[in-house]
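> Protein sequences appear in the order of chains A and B. Read left to right, the first sequence gives residues 1 to 340 (this note's numbering). Read left to right, the second sequence gives residues 1001 to 1340 (this note's numbering).
There are 2 protein chains.
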Amino acid sequence: MEQLTIRQIAQLANVSRSTVSRVINNHPSVRPEVRQRVLEVIREQEYVPQAAARSLASRRTNVVTLLIPRSSAIIFTDPFFPLIIQGITETCSERDYSVMLSMVTGLQERDFYQRVLRSRMTDGLLMLSSDIDDPVLPLLINDQMPLVLIGEHPYMQPMYTVDVANRAGAVLAVNHLLQLGHRRIGAITGLLQMKTAIDRRDGYKQSLLQAGVAIEHQLMIEGEFTQEGGYAAMRQLLSLEHRPSAVFVASDTMALGALRAIYEAGLHAPHDISLIGFDDVPGAAYTTPALTTIHQPIQKLGSTAATMLLDHLEGRPPLQQHIRLSPSLVLRQSCGPRVS
Amino acid sequence: MEQLTIRQIAQLANVSRSTVSRVINNHPSVRPEVRQRVLEVIREQEYVPQAAARSLASRRTNVVTLLIPRSSAIIFTDPFFPLIIQGITETCSERDYSVMLSMVTGLQERDFYQRVLRSRMTDGLLMLSSDIDDPVLPLLINDQMPLVLIGEHPYMQPMYTVDVANRAGAVLAVNHLLQLGHRRIGAITGLLQMKTAIDRRDGYKQSLLQAGVAIEHQLMIEGEFTQEGGYAAMRQLLSLEHRPSAVFVASDTMALGALRAIYEAGLHAPHDISLIGFDDVPGAAYTTPALTTIHQPIQKLGSTAATMLLDHLEGRPPLQQHIRLSPSLVLRQSCGPRVS
DNA sequence: CCTGTGCTTGGGAGCGATCTCATTCTACTA
DNA sequence: TAGTAGAATGAGATCGCTCCCAAGCACAGG
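#1: Identify, in the order they occur along the chain, each residue of the same chain with its Cβ nearer than 7 Å to the Cβ of Leu-267/A, setting aside the five sequence neighbours on each side.
#2: By Cβ distance below 7 Å, which residues in the same chain neighbour Ala-1269/B in space, the five residues on each side in sequence not counted?
#3: Could you give the residue range of the alpha helix (DSSP H) that holds Val-174/A?
#4: Since Gly-229/A meets chain B, which of its residues come closer than 7 Å, beta carbon to beta carbon?
#5: Give a yes or no on whether the minimum CB-CB distance between Thr-304/A and chain B is below 7 Å.
#6: Does DSSP classify Asp-1280/B as helix, strand or coil?
#7: Evaluate contact between the stretch 1289-1300 of chain B and the stretch 1165-1183 of chain B, counting only Cβ atoms and requiring at least three cross-stretch pairs below 8 Å.
#8: Which word fits Asn-25/A, buried or exposed, when buried means at least 16 other C-beta atoms lie within 10 angstroms of its C-beta?
#9: Roughly how many angstroms separate the alpha carbons of Leu-1147/B and Leu-1139/B, rounded to a whole number?
#10: Say whether chain A places a C-beta atom closer than 7 Å to the C-beta of Thr-1292/B.
#11: Nearest-angstrom Cα distance between Ala-233/A and Ile-221/A?
#12: In whole angstroms, give me the CA-to-CA distance for Ala-255/A and Gly-277/A.
#13: According to DSSP, is Asp-1163/B helix, strand or coil?
#14: Applying the criterion that 16 or more other CB atoms from any shown protein chain within 10 Å of the CB defines a buried residue, is Asn-1142/B buried or exposed?
#15: Put Ile-84/A into one of helix, strand or coil per three-state DSSP.
#16: If you draw a straight line from the alpha carbon of Asp-199/A to that of Met-121/A, how long is it in whole angstroms?
#17: What in chain A is Cβ-close to Val-1023/B, meaning under 9 Å?
#18: Residues of chain B with a CB under 7 Å from the CB of Ser-55/A: which are they?
#19: Among Leu-178/A, Leu-56/A, Ile-188/A, Ser-55/A, which one has its Cα closest to the Cα of Gln-210/A?
#20: Identify the contact partners of Val-136/A in chain B, using a Cβ-Cβ distance below 9 Å as the criterion.
#21: Which stretch, first to last residue, makes up the beta strand (DSSP E) that contains Arg-59/A?
#22: When you compare only the Cα positions, how much space is there between Leu-305/A and Val-64/A?
#23: Count the other C-beta atoms from every protein chain shown that fall within 10 angstroms of the C-beta of Pro-1282/B, then say buried if there are 16 or more, exposed otherwise.
#24: Which chain B residues sit within Cβ distance under 8 Å of Met-100/A?
#25: Taking the alpha-carbon of His-1312/B as reference, which of Met-1145/B, Leu-1325/B, Val-1249/B, Arg-1332/B has the nearest alpha-carbon?
#26: Please go through the same chain and pick out, in chain order, the residues whose beta-carbon is closer than 7 Å to the beta-carbon of Arg-1243/B, but skip the five residues on each side of it.
#27: Quick check: Leu-1309/B and Gly-1186/B, are their CB atoms within less than 7 Å of each other?
#28: Identify whether Asp-134/A lies in helix, strand or coil by the three-state DSSP scheme.
#29: Ser-1119/B versus chain A: which residues are under 7 Å apart at the beta carbon?
#30: Within the 7 Å Cβ cut-off, does Phe-81/A reach chain B?
#31: With respect to the alpha helix (DSSP H) encompassing Pro-1032/B, which residues constitute its N-terminal and C-terminal limits?
#32: Got a sec, what are the start and stop residues for the beta strand (DSSP E) Arg-1324/B sits in?
#33: Classify Gln-1218/B as buried or exposed, calling it buried when 16 or more other Cβ atoms lie within 10 Å of its own Cβ.
#34: Taking 7 Å as the cut-off, decide whether the C-beta atoms of Gln-1227/B and Thr-1253/B are in contact.
#35: Just to make sure I have the definition right: I need the residues of chain B whose C-beta is within less than 8 Å of the C-beta of Tyr-286/A. Which are they?
#36: Do Arg-1035/B and Val-1023/B have their beta-carbon atoms positioned less than 7 Å apart in this structure?
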């Protein structure tokens, strides 16, 4: 597969390099018949312009980078990621962009920063938000790197963010429990160094307060966003002398662990205790009992973020700078009415 | 952040561009003190060579592409992927390579082929194997693109492959069931258009034959590698008049569905029926009952594949062209002795 | 003291595109 | 019919690096 250059394509089509370049880049001022002829040759020869030469001259790479920071990597086994990646790659692919993947772990952050950003190999960044105090974010914002943050941030203000309405989702969940008659409702939250965890916990509190139910701090347990985290937290809740009749768990993965703890304690959901999750991961329909949860449009999250970034890169700034997608309640079998 | 070029670095260090280039590329013939001085300037200025210019001149990009073909995309929600990706990015990162992600769905295959390969944006490919008759693989092999296939192929011969010993793993699993006294053992296999599914089924057959147990075709059910697939298959097995006392399920994800079918039939594992999975996904320890399964070193699969590819790209061909990693048995609670 | 050898160093010529600017061509107006 | 605006085209410079080759230099041997 020897590669032709734009020069040879030009010769074959009897035009200049400039004209071929115009055709490739959809520049208007090329006579239709000439354009035809050039496209013909390009197709015949299966010519594709060389990316490196192109970016050197044009200062654009048509590459965006998905940045997965340190703490997200820990929970990278969450089914969350494949879906979000799928949303991103689909959108980028359609619009002729490539996606690079960067998992920034530990102290390589600075290195990454150097290599990827200063080497100009990417036009823009999609970043999964994670720890509030992640040190990379301020650097990126400061450098004016085109950036869409997937997830919100309490005080840093990146130009664009996409997120699910986490707080509203939690309200949805807890309201459901309240409607079933529960009053003593526990919460298993993620680590509160993540915005997502905070928002979901706030939704829990908001819902209770609106219903006039007092908040008991011993009913709110913080844990890692993993099965282990959910398991440990649930054990703690079950060991209370007056245990809750229902629990809101801030992620399905944690809910899995919680279910196990319930099972090991010889109890059954929803009979002895109701459980509601968050995320609606693919496995949630197959737990025992099937998990009632809050569905997030995860793939949409990815595609929306990608769309915003590409629009920005192409000089058509998105109408909204901050988009918040709506979660929804998915009823399954893990919640039931309070038995008194 | 205005960007310095190699020219300015050269000036600041009082040497020529060539010398700076030599320092960057670790060329030996630079006097140590000069090298020091140049490195100093580079560090001070936070200079990083521009990727595009570099690849244009050197004809190398330091980018490898992870190719996720059509049919894999369907089961992309499998926790398999994050881990493999993690293995790949870690290795690549260490060795100064970037990872591009390409999900090739449907009819875009040809397009992808054009855009990514002929545009020379990548030095090599890591491909997740999928359907045996995937149309992209022959094209890649034919083009001599540096390629490591993750998974084996029955008749195409890519230069490099990494895989888990699927057949041996299945033997491990079924032997375990045999040892527990089971003789009527069912199998839920993946779709047999995938090499992985075939190998695991062959291991199942091999184990039975070696134990002198006749193979009954009605006990082997084919299904998709999803929870739904496992669910449907298990229902079929349970509806047999003489149902198996144990079932080998070719993936944990399917096993989840199978567990649900058992539960819905009013049965219990392992009391009424033993179940063994394959993969050891993170959730496997948190099913009810916890799933006995075959562990695969998934992350290692990714890092090994990456290592092979990079070694090849850097002119140090790996010693083995085909690597097969060993799976292992993980005992949990879903298997028990046969009750007669 | 001169020449040969081997290590350092510098300069120039690409790599393959884009982009600006000047030039040619077309067609329309006065 | 000449003049001219505007569209279409081409040539050359340029992007920032690598790599080849020639020149500089020091030292050893004859």
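Each residue gets a CB set at the ideal place from its N, CA and C atoms; glycine is no exception.
With the given structure in hand:
#1: Here residue 267/A refers to the residue found at position 267 of the first sequence. Around Leu-267/A: Ile-273.
#2: In the second sequence, residue 1269/B corresponds to position 269, counting from 1. Result list for Ala-1269/B: Leu-1259, Ile-1262, Leu-1275, Pro-1289, Ser-1334, in chain order.
#3: Position 174 of the first sequence, counted from the start, is the residue given in the question as residue 174/A. From DSSP, the alpha helix (DSSP H) with Val-174/A extends over 166-179.
#4: By one-based count along the first sequence, residue 229/A stands at place 229. Residues of chain B passing the Cβ test: none, with the nearest at roughly 11 Å.
#5: Working through the first sequence from its first residue, we reach residue 304/A at position 304. Not closer than 7 Å to any Cβ of chain B, the Cβ of Thr-304/A fails to qualify, so no.
#6: For the purposes of this step, residue 1280/B is identified with residue 280 of the second sequence, where counting begins at 1. In this structure, Asp-1280/B counts as coil in the three-state DSSP scheme.
#7: yes
#8: What you label residue 25/A is simply residue 25 of the first sequence in a count that begins at 1. So Asn-25/A counts as exposed.
#9: Position 147 of the second sequence holds residue 1147/B. Position 139 of the second sequence holds residue 1139/B. Approximately 11 Å, taken between the alpha carbons.
#10: The residue given as residue 1292/B occupies position 292 in the second sequence. Chain A, which has no Cβ nearer than 7 Å to the Cβ of Thr-1292/B, makes this no.
#11: Within the first sequence, the letter at position 233 stands for residue 233/A. Within the first sequence, the letter at position 221 stands for residue 221/A. Rounded to the nearest angstrom, the two C-alpha atoms are 6 Å apart.
#12: Along the first sequence, one-based indexing puts residue 255/A at 255. Along the first sequence, one-based indexing puts residue 277/A at 277. Cα to Cα, the separation comes out at about 6 Å.
#13: By 1-based counting over the second sequence, the position of residue 1163/B is 163. Strand, per DSSP.
#14: Translated into the one-based positions of the second sequence, residue 1142/B becomes position 142. Its Cβ having fewer than 16 others within 10 Å, Asn-1142/B is exposed.
#15: For this step, residue 84/A is matched to residue 84 along the first sequence. Helix, per DSSP.
#16: In the first sequence, counting from the first residue as 1, residue 199/A sits at position 199. In the first sequence, counting from the first residue as 1, residue 121/A sits at position 121. When rounded, the distance between both Cα atoms is 35 Å.
#17: To locate residue 1023/B, count along the second sequence from 1; it is residue 23. Per Cβ cutoff of 9 Å: no residues; Val-1023/B is ~16 Å from chain A at best.
#18: Taking the first residue of the first sequence as 1, we reach residue 55/A at position 55. By Cβ distance, chain B contributes Ala-1052.
#19: Locating residue 210/A in the first sequence gives position 210, where the first residue counts as 1. The shortest Cα separation from Gln-210/A among Leu-178/A, Leu-56/A, Ile-188/A, Ser-55/A belongs to Leu-178/A.
#20: By one-based count along the first sequence, residue 136/A stands at place 136. In chain order: nothing, as chain B lies at least about 15 Å away.
#21: For the purposes of this step, residue 59/A is taken as residue 59 along the first sequence, with counting starting at 1. Element bounds for Arg-59/A: n/a, residue is neither H nor E.
#22: On the first sequence, residue 305/A is found 305 positions in, with the first residue counted as 1. On the first sequence, residue 64/A is found 64 positions in, with the first residue counted as 1. Per the sequence shown, the amino acid found at residue 305/A is Ala instead of Leu. About 11 Å.
#23: Taking the first residue of the second sequence as 1, we reach residue 1282/B at position 282. Buried, by the Cβ-count rule.
#24: Along the first sequence, one-based indexing puts residue 100/A at 100. Residues of chain B passing the Cβ test: Val-1063, Ser-1098, Val-1099, Met-1100, Leu-1101.
#25: To locate residue 1312/B, count along the second sequence from 1; it is residue 312. Considering only alpha carbons, the answer is Met-1145/B.
#26: Numbered from its first residue, the second sequence carries residue 1243/B at position 243. Closer than 7 Å at the Cβ level, and outside the excluded window around Arg-1243/B, lie Leu-1237.
#27: By 1-based counting over the second sequence, the position of residue 1309/B is 309. By 1-based counting over the second sequence, the position of residue 1186/B is 186. In this structure, Gly-1186/B does not lie closer than 7 Å to Leu-1309/B by Cβ.
#28: Your numbering for residue 134/A matches position 134 in the first sequence. Note: Asp-134/A maps to coil in three-state DSSP.
#29: Walking along the second sequence from the start, residue 1119/B turns up at place 119. Near Ser-1119/B (Cβ distances below 7 Å), the residues of chain A are Val-48, Pro-49, Gln-50, Ala-51.
#30: The count along the first sequence starts at 1 and reaches residue 81/A at position 81. Yes, Phe-81/A lies at the interface with chain B (some Cβ there is under 7 Å from its Cβ).
#31: For the purposes of this step, residue 1032/B is taken as the residue at position 32 of the second sequence. Start and end: 1032-1045.
#32: Here residue 1324/B refers to the residue found at position 324 of the second sequence. Segment 1322-1325, the beta strand (DSSP E) holding Arg-1324/B.
#33: What you label residue 1218/B is simply residue 218 of the second sequence in a count that begins at 1. Its Cβ having fewer than 16 others within 10 Å, Gln-1218/B is exposed.
#34: For the purposes of this step, residue 1227/B is identified with residue 227 of the second sequence, where counting begins at 1. For the purposes of this step, residue 1253/B is identified with residue 253 of the second sequence, where counting begins at 1. Contact: yes.
#35: Residue mapping note: residue 286/A aligns to position 286 of the first sequence, counting from 1. Correct list: Gln-1227, Tyr-1231, Leu-1256, Gly-1257, Leu-1259, Arg-1260.
#36: The count along the second sequence starts at 1 and reaches residue 1023/B at position 23. The count along the second sequence starts at 1 and reaches residue 1035/B at position 35. Yes.
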